[in-house]
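> Before we start, here is the structure in question, set down as structure tokens.
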Amino acid sequence: MSTRTAAGVSDEERLARIALTRVVEPGDEHGGRWLRDHGPLGLMERLCSRGGPDLARSGAGDQRIEGYRIRAQAARPEQDLEAVAALGGRFLCPGDLEWPTQLDDLGDTRPVGLWLRGGADLRKWALRSVAVVGARACTPYGAHMAARLGSGLAERGWVMVSGAAHGVDGAAHRGVLASEGATVAVLACGVDVAYPRSHAGLIGRIAEQGLVVGELPPGAHPTRSRFVLRNRVIAALTRGTVVVEAELRSGSLVTARAAQRLGRCTMGVPGPVTSGLSAGVHELLRAGAVLVTDTDEVVEMVGDIGELAPVRRGPVLARDLLGPEETRVLEALPARGVLNGRDIALRAGTTPDEALGRLYELQSLGFVERLGSGWQLAWGAPQTANSRRGGA
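The numbering used here applies: residue 512 is where the sequence shown begins, and numbers increase by one.
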């Protein structure tokens, strides 16, 4: 098990949370309250026994509680963990070093845990991340704007988060991948399930170059409600959400409104007033979202990098506290000048995808910065101390 996911969480608690991903649906407030009151081990003990009248007093009906019990008794967490580990994946718990603490803003609807595929550090990547979401049946204009935003965010050193769906999501992911950037796909199914099926290649590529994330256990398939509830994770994980084309009834607007409730920045890309696919975005803008037309305007709203926003600085880990993989990649960069990712990987003795993940982690910590298609040491990079742009 990766050392970065094993701080402060016992093996028993991890297995209990893995089991609960088969018991508690994403966003289930009853399950969230029980988890808060009893802890994962206590909750599984109550669900697997016939006692526990405290659950009956929670407001959930007897039939619903019986459903929880049946699923709890059928759970096989060791098998689920082995299935995802065979794909190179892992399971994150609250309390792990890699857990993004901004998800705690969701309260009782916080994920029980997260399944991940990909080698990057989710917590570090989420420090500088933006969600780009929108219509599945988007227009060529919507696909163009999504790809342009994805590519622009990659070139500015930001991580782009979306849902790997048809339309805007897929175009944004492809824009990032084409620019050799960092992207995270949050799925409404198991991370071993390619949905939609036509995006199997895209999701596989994201797992290689970025991260694939989900709340549901291996083999779990999406439902309409799971798509809707998945959106709260996208909103909570990122600094802000950009909507590119959405009808008046759209899951993308669910993401944007969740971002507003969580105090995140909400943005919309305007379109023709004659298009029904722009109507939802325009209503969002009328309700207080910020109009954006390019990456510079997005970055101005969510962050503090570049010419358009002041730079805030805070303490980060010193260079000598980096792990061996990050250190090798950092030392592969020249004292002056720019190198592309493949050359850095060659110097560091690693793969291009691994080097790319480490470079984005190093950028989140203020050691390097992206310049066009290449990378260079950040001005004033730390030796024994440093400051980080943005993040918390």
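Even glycine gets a Cβ: it sits at the ideal position worked out from N, Cα and C.
#1: With 16 as the cutoff for other CB atoms within 10 Å, does V784 come out buried or exposed?
#2: If you measure between the beta carbons of G600 and W626, is that distance less than 8 Å?
#3: In this structure, does DSSP put W545 in helix, strand or coil?
#4: Near Y579, what residues of its chain come up, given a Cβ to Cβ distance below 6 Å and the 5 sequence neighbours on each side ignored?
#5: Kindly indicate which three-state DSSP category C604 falls into: helix, strand or coil?
#6: Should N742 go down as buried or exposed, given a rule of 16 or more other Cβ atoms within 10 Å for buried?
#7: Just how far apart, CA to CA, sit V595 and R797?
#8: Please classify I529 as buried or exposed, where buried requires at least 16 neighbouring CB atoms within 10 angstroms.
#9: Quick check on this structure: which residue in G550, E589, W636 has the alpha carbon closest to the alpha carbon of R750?
#10: Can you tell me which of L882, S709, E808, A597 puts its alpha carbon nearest to the alpha carbon of N851?
#11: When you compare only the Cα positions, how much space is there between R525 and P651?
#12: Rank L598, L876, W610, S763 by C-alpha distance to the C-alpha of A675 and give the top, closest one.
#13: Does the distance from the C-beta atom of G543 to that of D616 stay below 8 Å?
#14: Cβ of G868 within 8 Å of Cβ of G630?
#15: Quick one: using the 10 Å Cβ neighbour count with 16 as the cut-off for buried, is P845 buried or exposed?
#16: Mind checking who Q887 pairs with in its DSSP beta bridge?
#17: Measure the C-alpha to C-alpha separation of S690 and H684 and round it to an integer number of angstroms.
#18: Would you mind stating whether R634 and W610 have Cβ atoms separated by less than 8 Å?
#19: Between which two residues does the alpha helix (DSSP H) harbouring W636 extend?
#20: DSSP state of V623, grouped into three classes?
#21: Could you pull the start and end residues of the alpha helix (DSSP H) that T806 belongs to?
#22: Within the same chain, show all residues whose beta-carbon is closer than 8 Å to that of L870, passing over the 5 residues directly before and after it, in chain order.
#23: May I ask you to check if the CB of P845 is nearer than 7 Å to at least one heavy atom of the ligand GTP?
#24: Any idea what DSSP makes of L481, helix, strand or coil?
#25: Quick one: what does DSSP say T777 is sitting in, helix, strand or coil?
#26: Report buried or exposed for G519, applying the criterion of at least 16 other Cβ atoms within 10 angstroms of its Cβ.
#27: What's the gap between the Cα of M471 and the Cα of A699?
#28: Suppose the cutoff is 8 Å on Cβ atoms and the five residues either side in sequence are ignored; what does the same chain contact list for E872 look like?
#29: Helix, strand or coil, according to DSSP, for I816 in the structure here?
#30: Let's see if you can read the secondary structure: which residues bound the beta strand (DSSP E) around L722?
#31: For A696, which residues does DSSP report across the bridge?
#32: Which residue or residues does DSSP assign as beta-bridge partners of S497?
#33: Which class does R533 belong to by DSSP, given the choice of helix, strand or coil?
#34: For A800 and H710, I'd like the C-alpha separation in whole angstroms.
#35: Could you tell me the alpha carbon to alpha carbon distance between G725 and P863, rounded to whole angstroms?
#36: Give the secondary structure of L850 by DSSP, where H, G and I count as helix, E and B as strand, and everything else as coil.
Working from what's here:
#1: Taking the first residue of the sequence shown as position 1, residue 784 is located at position 273. With fewer than 16 other beta carbons inside 10 angstroms of its own, V784 counts as exposed.
#2: Your numbering for residue 600 matches position 89 in the sequence shown. Your numbering for residue 626 matches position 115 in the sequence shown. It is a contact, given that the beta carbons lie within the stated cut-off.
#3: Position 34 of the sequence shown, counted from the first residue, corresponds to residue 545. Helix at W545.
#4: Against the sequence shown, residue 579 aligns to sequence position 68. Within the same chain, Y579 has close Cβ partners V534, L558.
#5: Taking the sequence shown and counting its residues from 1, one reaches residue 604 at position 93. DSSP places C604 in coil when its eight states are reduced to three.
#6: Walking along the sequence shown from the start, residue 742 turns up at place 231. N742 is buried by the Cβ-count criterion.
#7: Numbered from its first residue, the sequence shown carries residue 595 at position 84. Numbered from its first residue, the sequence shown carries residue 797 at position 286. One C-alpha to the other measures close to 44 Å.
#8: The count along the sequence shown starts at 1 and reaches residue 529 at position 18. By the neighbour-count rule (16 or more Cβ atoms within 10 Å), I529 is buried.
#9: Translated into the one-based positions of the sequence shown, residue 750 becomes position 239. Out of G550, E589, W636, W636 has the C-alpha closest to the C-alpha of R750.
#10: Counted from its first residue, the sequence shown places residue 851 at position 340. Closest option to N851, Cα to Cα, is L882.
#11: In the sequence shown, counting from the first residue as 1, residue 525 sits at position 14. In the sequence shown, counting from the first residue as 1, residue 651 sits at position 140. Using only the alpha carbons, I get a separation of about 45 Å.
#12: Here residue 675 is taken as the residue at index 164 of the sequence shown, counted from 1. Looking at L598, L876, W610, S763, the one whose alpha-carbon comes closest to that of A675 is S763.
#13: Residue 543 sits at position 32 when you count from the first residue of the sequence shown. Residue 616 sits at position 105 when you count from the first residue of the sequence shown. No; because the gap between Cβ atoms is not below 8 Å, this pair is not in contact.
#14: Your numbering for residue 868 matches position 357 in the sequence shown. Your numbering for residue 630 matches position 119 in the sequence shown. Closer than 8 Å, so yes.
#15: Numbered from 1 along the sequence shown, position 334 holds the residue referred to as residue 845. The residue is exposed, with fewer than 16 neighbouring Cβ atoms inside 10 Å.
#16: Reading the sequence shown from its first residue, position 376 is the one you call residue 887. Bridge partners of Q887: E880.
#17: Numbered from 1 along the sequence shown, position 179 holds the residue referred to as residue 690. Numbered from 1 along the sequence shown, position 173 holds the residue referred to as residue 684. S690 and H684 have their C-alpha atoms spaced approximately 10 Å apart.
#18: For the purposes of this step, residue 634 is taken as residue 123 along the sequence shown, with counting starting at 1. For the purposes of this step, residue 610 is taken as residue 99 along the sequence shown, with counting starting at 1. Their beta carbons are under 8 Å apart, which means R634 touches W610 by this criterion.
#19: Counting from one through the sequence shown, the residue named residue 636 turns up at place 125. First-last of the alpha helix (DSSP H) with W636: 633-637.
#20: The count along the sequence shown starts at 1 and reaches residue 623 at position 112. In this structure, V623 counts as coil in the three-state DSSP scheme.
#21: The residue you call residue 806 lines up with position 295 of the sequence shown. Counting along the chain, the alpha helix (DSSP H) containing T806 begins and ends at 806-813.
#22: The residue labelled residue 870 in the question sits at position 359 within the sequence shown. Excluding five sequence positions before and after L870, the CB atoms of its chain that fall closer than 8 Å to its own CB belong to V840, G852, I855, V879, R881, W886, given in chain order.
#23: Among the components modelled here there is no ligand, and therefore nothing to report on the ligand GTP.
#24: This structure cannot settle anything about residue 481, because the visible part of the chain is limited to 512 through 903.
#25: Position 266 of the sequence shown, counting from 1, holds the residue named residue 777. Strand at T777.
#26: Position 8 of the sequence shown holds residue 519. Looking at its Cβ environment, which holds fewer than 16 other Cβ atoms inside 10 Å, G519 is exposed.
#27: Any answer about residue 471 is impossible in this case: the structure gives the chain only from 512 up to 903.
#28: Sequence index remark: in the sequence shown, residue 872 carries index 361 (1-based). Around E872: A631, D632, K635, W636, E837.
#29: One-based indexing of the sequence shown puts residue 816 at position 305. Interpretation of I816 is limited by its pLDDT of 48, a score under 50 that renders its predicted location unreliable; the figure taken from the coordinates is listed afterwards. Coil at I816, not helix or strand.
#30: Taking the sequence shown and counting its residues from 1, the one referred to as residue 722 is at position 211. 722-725 is the span of the beta strand (DSSP E), which, as asked, contains L722.
#31: Looking up residue 696 in the sequence shown gives position 185. Per DSSP, S673, V723.
#32: Because the chain spans 512 through 903 in this model, residue 497 falls outside it and cannot be assessed.
#33: Start at 1 with the first residue of the sequence shown, and residue 533 comes out as number 22. Looking at R533 - three-state DSSP - the assignment turns out to be coil, as it is neither helix nor strand.
#34: Within the sequence shown, numbered from 1, the residue matching residue 800 stands at position 289. Within the sequence shown, numbered from 1, the residue matching residue 710 stands at position 199. Roughly 30 Å separates the two Cα atoms.
#35: Translated into the one-based positions of the sequence shown, residue 725 becomes position 214. Translated into the one-based positions of the sequence shown, residue 863 becomes position 352. One C-alpha to the other measures close to 25 Å.
#36: Translated into the one-based positions of the sequence shown, residue 850 becomes position 339. Taken through DSSP and simplified to helix, strand or coil, L850 comes out as strand.
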